[in-house]
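Numbering (UniProt numbering), first residue to last: 1 to 256.
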Amino acid sequence: MTRTTLVAFDLDDTLAPSKSPMDPRMSRLLSELLDIVEVCIISGGQFSQFKMQAIDNLPDSSSSHLDRLHLMPTCGTQYYRFEDSLWKQIYAENLTEDEKARALAAVEARAKELGLWEDETWGPILEDRGSQITFSALGQAAPVAAKQAWDPSGEKKNTLREAVQADLPDLEVRSGGSTSVDITRQGIDKAYGMKKLAELTGIPLDDMLFVGDRLDENGNDYPVKALGVRTHAVDDWEDTAAYLEKLIPELRNATL
Ligand SMILES: [Mg+2]
1 MTRTTLVAFD
11 LDDTLAPSKS
21 PMDPRMSRLL
31 SELLDIVEVC
41 IISGGQFSQF
51 KMQAIDNLPD
61 SSSSHLDRLH
71 LMPTCGTQYY
81 RFEDSLWKQI
91 YAENLTEDEK
101 ARALAAVEAR
111 AKELGLWEDE
121 TWGPILEDRG
131 SQITFSALGQ
141 AAPVAAKQAW
151 DPSGEKKNTL
161 REAVQADLPD
171 LEVRSGGSTS
181 VDITRQGIDK
191 AYGMKKLAEL
201 TGIPLDDMLF
211 VGDRLDENGN
221 DYPVKALGVR
231 THAVDDWEDT
241 AAYLEKLIPE
251 LRNATL
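Shown next as structure tokens:
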């Protein structure tokens, strides 16, 4: 019989609308879930995004088991736990200074060469996220409509991705959001993070359940499914909430 002692979630469009705060309904459900099992949130985004979307909207620590919450920004190359009433970074596997310098130089040179270095942007184009260098064609804070209009076919982004990858054979260059390209160490995806989580917690992958909105073959949650972890696919956060309303009583009964 399968047992579930940890439930892991993608963040964007699984727990909260894209780049937006979590709804109080989801916050309440997560709090109930934390009474029963360990919970992980894993995303390609950085900790500031976790804070704005999820952490700042959770119930206070006195009323819920925040000590059971595991946060894995940038696909688990960073790990945060709630200790002594604070969110503490337990580790961060950052790129070396040499890797960062080469990544920044390559993406800037190729973007300029391909005519993809925009003059008018919403914030900086390049961002050092420690374990990841991110290129955002229109800047981090660009409005969704502008982002969608920039490269509807994905061709610009893919051309840039390929050119930069050729310059950086020892690193991994991926398409991120609609206008972004991410550079990390090789082999960093959510499957990497889930394996790290199993090591850190001692909970076997077989006892984990993963919930995400992009478990399709081209999605950023797919590597978790390919790893063999039990998964549940959702369309959006409301779908996740409906699923949790069913799952929480089942898990509660299983622990009785
Ligand atoms: Mg998602």
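Even for Gly, the Cβ is constructed at its ideal location relative to N, Cα and C.
K88 - partner residues in DSSP beta bridges: Paired residues: R81.
Contact the segment 113–132 vs the segment 141–148: 3+ CB pairs below 8 Å: Contact between the segment 113–132 and the segment 141–148 is present, because at least three Cβ pairs lie under 8 Å.
Residue environment, K196, which counts as buried when at least 16 other CB atoms sit within 10 Å: buried
Three-state secondary structure (DSSP) of residue 285: Limits of the chain in this structure are 1 at one end and 256 at the other, which puts residue 285 out of reach.
D216 Cβ short of 7 Å to ligand 1 heavy atom set: no
Pick from C75, T74, D98, L69 that is closest to L86, judged by C-alpha positions: L69
Rounded separation between R6 and D35 - CA only: In the sequence on display, residue 6 carries Leu and not Arg. Whole-angstrom Cα-Cα distance: 12 Å.
For K156 and E38, the rounded distance between their alpha carbons: 41 Å
Sequence ranges, beta strand (DSSP E) only - wholly within the segment 169–227, length at least 3: 171–175, 180–185, 208–212
Distance cut-off 7 Å: T240 Cβ against heavy atoms of ligand 1: no
Pairwise C-alpha distance: D23 and L33: 16 Å
Contact check, L116 vs A137, beta carbons under 8 Å: In contact: L116 and A137 (Cβ atoms closer than 8 Å).
According to DSSP, residues forming a beta bridge with H70: C40
Closer than 7 Å: residues whose CB approaches a heavy atom of ligand 1: D10, L11, D12, D13, T14, G212, D213, R214, N220, D221
Counted within 10 angstroms of its Cβ, other Cβ atoms place N220 as buried (16 or more) or exposed: buried
Beta strand (DSSP E) segments (min. 3 residues) lying fully within the segment 117–158: Counting only runs of 3 or more, we get 126–128, 133–136.
Assigned secondary structure, T5 (DSSP; H/G/I helix, E/B strand, else coil): T5: coil per DSSP, three-state reduction.
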